[in-house]
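In this note's numbering, the protein residues as written are 95 to 386.
Structure below.
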C-alpha cells in the first residue's frame, strides 16, 4: 500500500509507484469483466477467422481490457471518496482515492480514449458504446448515481455486457439477437446483486441503499436466482445449449441457500463459474466458425 499511497498523494514515489497505484485502482481481477464480453461478442459475430483479428475487435479488446477499467473504477473512486475513507477493503485490495491532479487527468484521458472508438467502429455499434459510457459514469456520478438506488443499481450493471454487444455489432455490421442482449443483461443484474450480499450490513451502517440492502440477504438470493433463471430462458430462446449453460447460475445459488453455504465463501466461486461459462460460449462460437 505504500506505493499506492505515494502515487495517490502526488506521485512522489516516481512513475513506477504511480503506475502501481493506477493498476490497483483499475481492479485487475475484474479486467476481464469488460474485455471478456468483447471476446465472446467477436467470436459470435465472426464469419471467417480473419474477422477475429481485425482492427475493430483488437482495438475494442485493448481498450476494454485496461483503459476502460481505469475510467470506470476511477469515476467510482472519485465519487465514493468520502464513503471509502472508512472502507477497510481499500487497505488490502483496492486503492483509496487521493485526488491527485495527475491521476484525475489519467482517468479523464481513459474516458476520452474510449471516444476514439467511435471513429473506428461502424455506426451500428455507436448506441451500444454510448450506452456503456453513459452507465459507466452515471452508475457512480451525480445527478443519477444509480448505485445508490435499489433496483437501478442492479439494472445499470448491464454496462458490463455492452462492450460485447458493441463488438458483435462492429464485426457483423448488425445488432445481435435482442434476446441474447436481454439474457446477458439479466445475467449482469444477478451477478451484481449477488456480489453485494456480503456488503449488506456494512452498507446499511454507512447509509448506502442498494437492491441487496432493500431486500435483505434471504430475498436477495431469490432475486439473483430469478434474474439468472430469466437469463437462461432468454438464452434458450436463442440456442438451447446456451440456455442449458446459463441454467447453472440459478442452480448454484439455490444450492448455496439449501446447503447454508456462507456467502463470503460462495462469492469466490463465481469468478471461476464465469470464466468457465465464458470460455465454453467462446469455444462453441469458434467451433462453429471453423467447422460450420
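The beta-carbon is built from N, C-alpha and C at its ideal position, and this holds for glycine as well.
Count Cβ pairs between the region 234-249 and the region 294-310 that sit closer than 8 Å; are there 3 or more?
Three or more beta-carbon pairs drawn from the region 234-249 and the region 294-310 are found closer than 8 Å, and the two stretches are therefore classed as touching.
Could you tell me the alpha carbon to alpha carbon distance between residue 191 and residue 171, rounded to whole angstroms?
Taking the first residue of the chain shown as 1, we reach residue 191 at position 97. Taking the first residue of the chain shown as 1, we reach residue 171 at position 77. Each residue's alpha carbon lies about 6 Å from the other.
Helix, strand or coil: how does DSSP classify residue 78 here?
For the chain, the structure presents residues 95 to 386; residue 78 sits outside this window and is missing.
Secondary structure, alpha helix (DSSP H): runs of 4+ residues fully inside the region 109-192:
Runs of the alpha helix (DSSP H) inside the region 109-192: 109-119, 125-139, 149-159, 161-173, 175-178, 183-186.
Three or more C-beta pairs closer than 8 Å, one from the region 195-204 and one from the region 106-117: is that the case here?
Yes, since at least three Cβ pairs between the region 195-204 and the region 106-117 fall closer than 8 Å, the two stretches touch.
Just curious, the alpha helix (DSSP H) that residue 362 is in, first and last residue?
Working through the chain shown from its first residue, we reach residue 362 at position 268. Neither: residue 362 is in no alpha helix (DSSP H) and is coded neither H nor E.
Do the region 264-279 and the region 342-353 make contact, defined as three or more Cβ pairs closer than 8 Å?
Judged by pairs of C-beta atoms under 8 Å, the region 264-279 does not touch the region 342-353, as fewer than three such pairs exist.
Residue 268 - DSSP class collapsed to helix/strand/coil:
In the chain shown, residue 268 corresponds to position 174, counting from 1. It is coil, neither helix nor strand.
Helix, strand or coil for residue 195? Go by DSSP, reduced to three states.
On the chain shown, position 101 is the one that residue 195 refers to. Correct three-state label for residue 195: helix.
Reduced DSSP category for residue 245 - H, G, I as helix; E, B as strand; rest coil
On the chain shown, residue 245 is found 151 positions in, with the first residue counted as 1. In this structure, residue 245 counts as coil in the three-state DSSP scheme.
With H, G and I counted as helix, E and B as strand and the rest as coil, what does DSSP make of residue 370?
For this step, residue 370 is matched to residue 276 along the chain shown. It is helical.
To the nearest angstrom, report how far apart residue 153 and residue 265 are at their CA atoms.
Sequence index remark: in the chain shown, residue 153 carries index 59 (1-based). Sequence index remark: in the chain shown, residue 265 carries index 171 (1-based). Cα to Cα, the separation comes out at about 12 Å.
At 4 residues or longer, what runs of the alpha helix (DSSP H) sit wholly inside the region 270-342?
Fully contained in the region 270-342 are the following alpha helix (DSSP H) runs of length 4 or more, in chain order: 272-289, 294-300, 305-332, 334-340.
For a quick check, are the C-beta atoms of residue 282 and residue 253 less than 9 Å apart?
As a working note, residue 282 is residue 188 in the chain shown. As a working note, residue 253 is residue 159 in the chain shown. Yes. Within cutoff.
Between the alpha carbons of residue 138 and residue 122, how many angstroms are there, rounded?
Locating residue 138 in the chain shown gives position 44, where the first residue counts as 1. Locating residue 122 in the chain shown gives position 28, where the first residue counts as 1. Looking at the two C-alpha atoms, the distance is approximately 25 Å.
If you count every other CB in all the chains shown that lies within 10 Å of the CB of residue 384, and 16 or more means buried, which is it?
Along the chain shown, read from residue 1 onward, the residue named residue 384 stands at position 290. Exposed, since its Cβ has fewer than 16 Cβ neighbours within 10 Å.
Do residue 327 and residue 49 have their beta-carbon atoms positioned less than 9 Å apart in this structure?
There is no way to answer for residue 49, as the model of the chain reaches only from 95 to 386.
Give me, in chain order, the residues of the same chain whose beta-carbon lies closer than 7 Å to that of residue 377; leave out the 5 immediate sequence neighbours on both sides.
Residue 377 sits at position 283 when you count from the first residue of the chain shown. So no residue of the chain qualifies.
Measuring straight from C-alpha to C-alpha, what distance separates residue 96 and residue 164?
On the chain shown, position 2 is the one that residue 96 refers to. On the chain shown, position 70 is the one that residue 164 refers to. Caution is warranted here: a pLDDT of 35 is assigned to residue 96, below 50, making its placement in the model unreliable, and the coordinate value is therefore given only provisionally. Going by the C-alpha atoms only, they are around 20 Å apart.
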